[in-house]
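Chemist: Numbering (our numbering), first residue to last: 156 to 437. Beta carbons: idealized from backbone N, C-alpha and C, even for Gly. This structure is a prediction, so every number in the text was calculated from the model and none was measured.
Printed below as a string of structure tokens:
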């Protein structure tokens, strides 16, 4: 699936990397519907698939070519032997992880046979992060920081029910050696976000096409919100809480060489405070 979701309350673009806190990005009615179905973001995915305005179109297939050089690579297949999501009949293969507190997972899933879908589930059976197509074509690409040590599961699935075929899952787990660290503050003197007048600061960088950008924004004073813009000023990625608690973390595939902009922002207008921004080209 290509395209962004429009946040109902402010009209701000919401990246395809789904948040761990669904209620902050999706309308209360959809959140209530998810709770009535038994909670969890897998159920929310099914609800959203019926709302084309939030999904931006129909599914298609991606590419079999890996786009991220991961430390671990798994070749798999979705077929009738896989676990089935009872709500949409999509097939799911589980890949267990044992993590330490603060570890960052970068995961990529590609397939030439179906529209991929990635999710990470904790030991309480709750989805803490998910992604449809933040990679090239309709391939999945996501990052999440784990708030606590323990057992987690990567779910490799498809966007539509009943899709089958081969896929490749690549992931890297552990600490990150950041290339750049910026300490700053949002408040009087900062620029205003064009959609809601919240404070923001922009940081430009040059990158070659075909690489990926990993960005983290942490703060003890504000609810961090990240956006990445391309050379035309279009938002190509955004994130609220994948960094744990109210910190932001995202990874995005950069399709073209040029100047990209990281926008450090707050989730709500009026928030002020210090933050730390870190990023690395992968």
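1) Going by DSSP, which residues form a beta bridge with residue 309?
2) Closest to residue 229 by C-alpha separation, out of 244, 321, 378 and 302, would be which residue?
3) In chain order, what residues of the same chain lie with their CB nearer than 8 Å to the CB of residue 430, ignoring the 5 residues before and after it?
4) Can you tell me the Cβ-Cβ gap for residue 434 and residue 334, rounded? I've got them flagged as a contact below 8 Å.
5) Count the other C-beta atoms from every protein chain shown that fall within 10 angstroms of the C-beta of residue 304, then say buried if there are 16 or more, exposed otherwise.
6) Would you call the segment 286-303 and the segment 397-414 in contact, with 3 or more CB pairs under 8 Å?
7) Give, in chain order, every unbroken run of the beta strand (DSSP E) that is at least 3 residues long and sits entirely within the segment 340-390.
8) Could you give the DSSP three-state label for residue 224: helix, strand or coil?
9) Going by the beta-carbon positions, is the gap between residue 353 and residue 426 smaller than 9 Å?
10) Could you check whether residue 289 and residue 296 sit closer than 9 Å to each other, using their CB atoms as the reference points?
11) What are the start and end residues of the beta strand (DSSP E) that includes residue 433?
12) Once DSSP output is grouped into helix, strand and coil, what is the label at residue 265?
13) Classify residue 388 as buried or exposed, calling it buried when 16 or more other Cβ atoms lie within 10 Å of its own Cβ.
14) Thinking C-alpha only, which one of 336, 309, 409 and 224 is nearest residue 432?
15) Where DSSP assigns a beta bridge to residue 232, which residues make up the other side?
16) Which residues in the same chain have their Cβ closer than 8 Å to the Cβ of residue 239, if we skip the five residues on either side of it in sequence?
17) Using the Cβ count rule (16 or more neighbours within 10 Å means buried), how would you classify residue 325?
18) Take residue 345 and list the residues in its own chain whose beta-carbon comes closer than 7 Å to its own, dropping the five residues that flank it on each side.
19) Per DSSP, which one or two residues make a beta bridge with residue 331?
20) For residue 323, tell me which candidate among 273, 351, 385 and 408 has the shortest Cα-Cα distance.
21) Between residue 327 and residue 417, is the Cβ-Cβ spacing less than 9 Å?
22) Just how far apart, CA to CA, sit residue 257 and residue 403?
Modeler: Looking at the atomic coordinates:
1) Indexing the chain shown from 1 puts residue 309 at position 154. Under DSSP, residue 309 takes part in a beta bridge, and its partners are 250 and 275.
2) The residue labelled residue 229 in the question sits at position 74 within the chain shown. The shortest Cα separation from residue 229 among 244, 321, 378 and 302 belongs to 321.
3) The residue given as residue 430 occupies position 275 in the chain shown. Cβ contact annotation for residue 430 (same chain, cutoff 8 Å, sequence separation greater than five): 338, 339, 340, 341, 372, 373, 374, 376, 377, 379 and 419, in chain order.
4) Mapped onto the chain shown, residue 434 falls at position 279. Mapped onto the chain shown, residue 334 falls at position 179. That belief holds up - the Cβ atoms of residue 434 and residue 334 are roughly 7 Å apart, short of 8 Å.
5) In the chain shown, residue 304 corresponds to position 149, counting from 1. Classification for residue 304: exposed.
6) The segment 286-303, when compared against the segment 397-414, does touch it at the 8 Å Cβ threshold.
7) Those beta strand (DSSP E) runs which fall completely within the segment 340-390 and span 3+ residues are 354-362, 367-373 and 379-384.
8) Indexing the chain shown from 1 puts residue 224 at position 69. Coil, per DSSP.
9) The residue given as residue 353 occupies position 198 in the chain shown. The residue given as residue 426 occupies position 271 in the chain shown. Cβ distance < 9 Å, so residue 353 and residue 426 count as in contact.
10) Here residue 296 is taken as the residue at index 141 of the chain shown, counted from 1. Here residue 289 is taken as the residue at index 134 of the chain shown, counted from 1. Result yes, Cβ atoms of residue 296 and residue 289 sit closer than 9 Å.
11) To locate residue 433, count along the chain shown from 1; it is residue 278. Start and end: 428-436.
12) Residue mapping note: residue 265 aligns to position 110 of the chain shown, counting from 1. DSSP places residue 265 in strand when its eight states are reduced to three.
13) For the purposes of this step, residue 388 is taken as the residue at position 233 of the chain shown. It counts as exposed.
14) To locate residue 432, count along the chain shown from 1; it is residue 277. For the residues 336, 309, 409 and 224, the minimum Cα distance to residue 432 belongs to 336.
15) Within the chain shown, residue 232 is the residue found at index 77, counting from 1. 321.
16) Translated into positions along the chain shown, residue 239 becomes position 84. Same-chain partners within the cutoff: 245, 246 and 247.
17) By 1-based counting over the chain shown, the position of residue 325 is 170. Within a 10 Å sphere around the beta-carbon of residue 325 sit 16 or more other beta-carbons, which makes this residue buried.
18) Indexing the chain shown from 1 puts residue 345 at position 190. Excluding sequence neighbours, residue 345 sits near 354, 355 and 356.
19) Mapped onto the chain shown, residue 331 falls at position 176. For residue 331, no pairing in a beta bridge is given by DSSP.
20) Within the chain shown, the letter at position 168 stands for residue 323. The closest CA to that of residue 323, considering only 273, 351, 385 and 408, is found on 273.
21) Locating residue 327 in the chain shown gives position 172, counting from the first residue. Locating residue 417 in the chain shown gives position 262, counting from the first residue. In this structure, the beta-carbon distance from residue 327 to residue 417 does not fall below 9 Å.
22) On the chain shown, residue 257 is found 102 positions in, with the first residue counted as 1. On the chain shown, residue 403 is found 248 positions in, with the first residue counted as 1. Their Cα atoms are separated by approximately 13 Å.
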